[in-house]
Amino acid sequence: MKKVKADPKGVLSGSHYLDGDYAIAEGGLAAGCRFFAGYPITPSTETAERFSERIPSVGGVFIQMEDELASIAALIGAVWGGKKSMTVTSGPGFSLMMENIGLACMMETPLVIANVQRGGPSTGLPTLTGQQDMMQVRWGSHGDYKIIALSPDSPQECFDLTIEAFNLSEIYRVPTFVMTDECVGHMHEKVVIPPAEEIELVERKWYTGPKDQYLPYKNDKDMIPFMIKIGDGYRFHTTGLTHDERGYPVINAECQDVCVRHLNDKITMNADKIIRLEEDEIDNAEIIVISYGITSRVTTRAVRQARKAGIKVGTIRLITVWPFPEKRINELAKKVKAFVVPEINYGQMVLEVERCAAGQTPTVHVPHCGGWVHDPDDILKAIKEAAK
Amino acid sequence: MKKDNPTKKQNPITDLLRMDRIPHIWCPGCGIGTVLTSFAEALRKSEIDLDKVAVLSGIGCTGRVAGYVKMDSIHTTHGRAVPVATGVKLANPEMKVVVFSGDGDISGIGGNHFIHAARRNMDIMIICVNNFNYAMTGGQVAATTPKGANASTAPYGNFEYSFNLPYLAEASGATYVARWTALHLRRVTKSIQEALGKRGFSFIEVITPCVTLYARRNRLGDGLNLLKYYHEKSEIQHGADTRTVDISYQGKLIVGKFVDIDKPTFLDCMNEHLGKVLGDKYQPYGVNND
Amino acid sequence: MTEIRFSGFGGQGIIRCGLITGKALSLYDNKHATMTQSFGPEARGSACSSQLVVSDDRVLYPYISIPEILISMSQEAYEIYEPELSEDGILIIDKDLVKMNPARGKIKTYSVPSTRFAEELGNRITANLVMLGFFSSVTSVVSADAMKKALPGLVPGRFLDLNIKAFDKGYDYGKEILAKEKKSKTPTQKGKK
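Chains as they are written, first to last, in the working numbering: chain D, 28 to 415; chain F, 75 to 364; chain P, 1249 to 1441.
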């Protein structure tokens, strides 16, 4: 993969006091995103507002589309047109995007979608937090595919992980998601934006061989096909249909097998390279609390109290939520007395923890239906219960 | 010696098609292929650089066009070719972006995208093959099915009003609007050529026969019978008021070039407005093409 | 750790108060400060508030629970938020806009005619800056220097000087109050009314 330094034009270097939504926009601009198509939806709108304000002096396009179906569709067109592109949305808009998230996966289109989650289902709690789209991001479009999703716990990480999301999306040619939430999205904190030369970006995997030999879906050694852009004379074809190396539709089980396996395997087989976890006091832990996003901050407060009470508690913060760190969880399941999983939903990532624990250790879920973060005492109670 | 051997002479449109994908999937008597031929002919005549033409389709019979043209081409999802085209155009303003899709794709599931792209005067061309029904899925009723016509999901006849697409396009802001039938191939070619030479949102509707489904279900005979209907009932009225060009079941078909005006495109407006408001701070976009 | 709530009615620049203070603390006073606010139609009623959690270390729980400092610039906001104020907390009010109930616990009250001062300076929209100046001096949670550094970008450029003037006015008034308090060694609320 070819690494380049960020273009200083998009990088607002310095210390700022920003909310998570704004930090996502700044992360996108720093990552070289020059096309943003979106539709207003609380609590993510501020990202679109910031982008619309900043992009004219950076050089690029902001367009407010007619709906979220169109937003993600326009992104796909812009990426094949050669631009790095992103959008932002929340629950109802995310549901509308599912159709073309599938198309982006099928056509192996690198793009970034931030979801500032709110309480659902349906219109739910537009202005209040939730972590309820964690399974939707993994499974929401029909068919078998895999994506990458990251979960920031602060405005600073909204900035950092948006850049990382762009890099991962380019490396693996896959839609990559920044799964934040209303609390982080609307929370103001210090965000340090480094100088452009300190921001490392992954360049798109451009094809440079002879034009007549270009095959849009022929895998390179690293499983990832080369990309070209519209207008460069390759006269290529791409489709949402099951396709062969040429990008031509082939409607049979054999081609489907190759095509679908590839979409899944390129993520699964690179999972170790993709996954980032933050572990704390795992070695002697009896109990491990697994959390992500804003919940991990609230968890830390509960964990400190539990440690004071003499319980050996370790924590894992999922920075990468998808692909899920199944190997690590499975390995730890052999050693600990229980996993505790607080999350602002009625049971989503906990299902993955249970699957990976595979009956070796119990898993205690600390649900919260959304609208606020957990009371740290509820997490503390669950830890104490699990330690008994 | 070569020129003495006429059998070696290639069909002039073969270099515009992915010959490795022929034969195509369309039924005998279907009109989509003829519209595609007109499109290819228009491209050839206009001597446009084919590297700078992108063709996008949605889903449906006409949606397969993107797969047969030998140009940068994207076969998108149902109804979404127009917003994908918007993205292509904005990312790469030097491209001529053509959406080639069916009536269901453009005016049914993609209707909202269609009117908004027209409203913005997005610089893209839409060739809409209208065969009055959802053919790929077996002849269901569409937003364009004339009242009274039979369809597989309107087995007792369609009782809904249908869209008058040229009127919809014009009212939404299109700068070029024409309608022809599959019988008017030379005129279709000419319209596509004109639209290729223009900047702005252009819309060309071509009424085509769906022999296998629409014609059979409505007992309208074969392709020839439909062409005969087009011949007898078509009336060329250039500049016709688009409010008057709606289509009734087997009724009169008013065809012609209805709208041909010029106005700044989305990108023109963006560059002009932001340049004015922001002055030197503004980085003009897509002007010299980076 | 200190929890602060700024409150008042829409249009007084209450959210700005949180932003300016949060920015000042995190960028210029070497603290961690997390600012949250209420959003949406529910938050657009007459009472408006922004919350700040200030700490030497990273803020974990982002919301306030029992604030140590409450700033109220309207009667309604005062009525809604006063009951949650810590029993030994600090209450700061606009003395012309808030009519106080009898003081509770060991709560210390400071009052300033912020809106009146702002009007005297020529523009009542700077009342929030008078309040911020006053808040800075009577609480010492944040330095005046940091607050002034935080202003560019958060107040319109052409009003920067006016806003600094308003801040100074409130700040100096706060110092005066503190000096008087020191002299008489009596709780400030005695001086009220």
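Beta carbons: idealized from backbone N, C-alpha and C, even for Gly. The model shown is predicted, which means the values in this text are computed figures rather than measured ones.
Residues sharing a beta bridge with residue i, DSSP
{"i": "D:T269", "result": "In DSSP, D:T269 forms no bridge with anything."}
{"i": "P:D1342", "result": "P:V1360"}
{"i": "D:V368", "result": "D:H392"}
{"i": "D:P252", "result": "D:N246"}
{"i": "P:S1297", "result": "P:S1255"}
{"i": "D:P449", "result": "With chain D covering only 28 through 415, there is no way to say anything about residue 449 of chain D."}
{"i": "D:D307", "result": "D:T342"}
{"i": "F:K395", "result": "In this structure chain F extends from 75 to 364, so residue 395 of chain F is not present and cannot be described."}
{"i": "F:Q214", "result": "F:Y208"}
{"i": "D:Q240", "result": "D:Q240 is not bridged to any residue."}
{"i": "P:Q1285", "result": "P:S1298"}
Spatial distance of residue i from residue j (CA atoms)
{"i": "D:D307", "j": "D:Q332", "result": "15 Å"}
{"i": "D:E93", "j": "D:S178", "result": "28 Å"}
{"i": "D:G47", "j": "P:D1305", "result": "19 Å"}
{"i": "D:R145", "j": "D:G397", "result": "8 Å"}
{"i": "P:G1337", "j": "P:K1356", "result": "6 Å"}
{"i": "D:K29", "j": "D:V229", "result": "6 Å"}
{"i": "P:G1270", "j": "D:M214", "result": "11 Å"}
{"i": "D:H270", "j": "F:D177", "result": "25 Å"}
{"i": "D:R61", "j": "D:V85", "result": "8 Å"}
{"i": "D:E76", "j": "D:I140", "result": "16 Å"}
{"i": "D:S117", "j": "F:I183", "result": "23 Å"}
{"i": "F:T81", "j": "F:P102", "result": "Reliability of the predicted coordinates at F:T81 is poor, the pLDDT of 49 falling under 50, and the value obtained from them is presented with this limitation in mind. Looking at the two C-alpha atoms, the distance is approximately 25 Å."}
{"i": "F:N146", "j": "D:I103", "result": "This sequence places Asp at residue 146 of chain F; Asn is not what is there. Roughly 14 Å separates the two Cα atoms."}
{"i": "D:N357", "j": "D:E379", "result": "10 Å"}
{"i": "F:V351", "j": "P:S1297", "result": "34 Å"}
{"i": "D:I257", "j": "D:H264", "result": "10 Å"}
{"i": "F:N363", "j": "F:K163", "result": "With a pLDDT of 44 at F:N363, under the threshold of 50, the modelled position of that residue is not reliable, and no figure is offered here."}
{"i": "F:K307", "j": "F:A314", "result": "16 Å"}
{"i": "F:N207", "j": "F:P220", "result": "9 Å"}
{"i": "P:A1325", "j": "D:T295", "result": "53 Å"}
{"i": "F:H347", "j": "P:N1349", "result": "55 Å"}
{"i": "D:V427", "j": "D:A192", "result": "It is not possible to answer for residue 427 of chain D, since the shown part of chain D is limited to 28 through 415."}
Per-residue DSSP class, three states only, for residue i
{"i": "F:K163", "result": "helix"}
{"i": "F:K76", "result": "Unreliable placement is indicated for F:K76, whose pLDDT of 44 sits below 50; the coordinate value is still reported in the next sentence. Reduced to three states, the DSSP call for F:K76 is helix."}
{"i": "F:V143", "result": "strand"}
{"i": "F:H312", "result": "coil"}
{"i": "P:L1402", "result": "coil"}
{"i": "F:W254", "result": "strand"}
{"i": "F:N292", "result": "coil"}
{"i": "F:T318", "result": "helix"}
{"i": "D:F89", "result": "strand"}
{"i": "D:V38", "result": "coil"}
{"i": "F:Y356", "result": "coil"}
{"i": "D:R61", "result": "strand"}
{"i": "D:G419", "result": "Since the first and last residues shown for chain D are 28 and 415, residue 419 of chain D lies out of range."}
{"i": "D:T326", "result": "helix"}
{"i": "D:Y44", "result": "strand"}
{"i": "D:E313", "result": "coil"}
{"i": "D:K217", "result": "strand"}
{"i": "F:T286", "result": "helix"}
{"i": "F:V156", "result": "helix"}
{"i": "F:S236", "result": "coil"}
Check your understanding: What are the residues of the segment 148 to 163 of chain F that lie near chain D, defined by any Cβ-Cβ distance shorter than 9 Å?
Key -> Those would be I148, H149, T150, T151, H152, G153, R154, A155, V156, P157, V158, A159, T160, G161, V162, K163, in chain order.
**Study point:** Cβ-based contacts, 7 Å cut-off: residues of the segment 164 to 179 of chain F near chain D
**Key:** Hits within the stretch, in order: L164, A165, N166, E168, M169.
Practice item. Output, in sequence order along the chain, the residues in the segment 129 to 157 of chain D whose CB is closer than 7 Å to any CB in chain F. Key: Listed by position, the residues of the segment 129 to 157 of chain D near chain F (Cβ gap below 7 Å) are L130.
Practice item. Compile a chain-ordered list of the residues in the segment 318 to 333 of chain D whose CB is closer than 8 Å to at least one CB of chain P. Key: Answer in chain order: I321, R324, V325, T327, R328.
**Study point:** Ordered list of alpha helix (DSSP H) runs contained in the segment 175 to 211 of chain D, each at least 4 residues
**Key:** You should have 182 to 199.
Review point. Closer than 8 Å, Cβ to any Cβ of chain D: which residues of the segment 1266 to 1285 of chain P, in chain order?
Key: Taking 8 Å as the Cβ-Cβ cut-off, the segment 1266 to 1285 of chain P approaches chain D at G1266, L1267, G1270, K1271, S1274, L1275, H1280, A1281, T1282, M1283, T1284, Q1285, given in chain order.
Point to revise | Residues of the segment 1394 to 1406 of chain P with Cβ closer than 7 Å to any Cβ of chain D, in chain order | key: For the segment 1394 to 1406 of chain P, which is checked against every Cβ of chain D, not one residue is closer than 7 Å.
Review point. For the segment 341 to 360 of chain F, which residues have a CB atom closer than 7 Å to at least one CB atom of chain D, in sequence order?
Key: Those residues of the segment 341 to 360 of chain F that come within reach of chain D (Cβ to Cβ, closer than 7 Å) are L348, L352, K355, Y356, Q357, Y359.
Point to revise | Every unbroken alpha helix (DSSP H) within the segment 108 to 162 of chain D, with a cutoff of 4 residues, ordered by chain | key: List check, alpha helix (DSSP H) in window: 118 to 133.
Exercise for review: Anything in the segment 208 to 237 of chain D with a Cβ closer than 7 Å to a Cβ of chain P? List those residues in chain order, please.
Suggested key: The residues in question are C210, H213, M214, H215, E216, K217.
Review point. Going along the chain, which residues of the segment 136 to 148 of chain F sit with their C-beta nearer than 8 Å to a C-beta in chain D?
Key: Answer in chain order: A140, G141, K144, M145, D146, S147, I148.
**Study point:** Short-range partners of chain D found in the segment 184 to 209 of chain F, where Cβ spacing is below 7 Å
**Key:** If the cut-off is 7 Å between Cβ atoms, the segment 184 to 209 of chain F has N186, H187, H190 near chain D.
Check your understanding: What residues in the segment 282 to 313 of chain F bring their beta carbon closer than 7 Å to a beta carbon of chain D?
Key -> Those would be none; no residue qualifies.
Review point. Taking any Cβ of chain P, which residues in the segment 39 to 50 of chain D have a Cβ under 7 Å from it, in chain order?
Key: Listed by position along the chain: S42, Y44.
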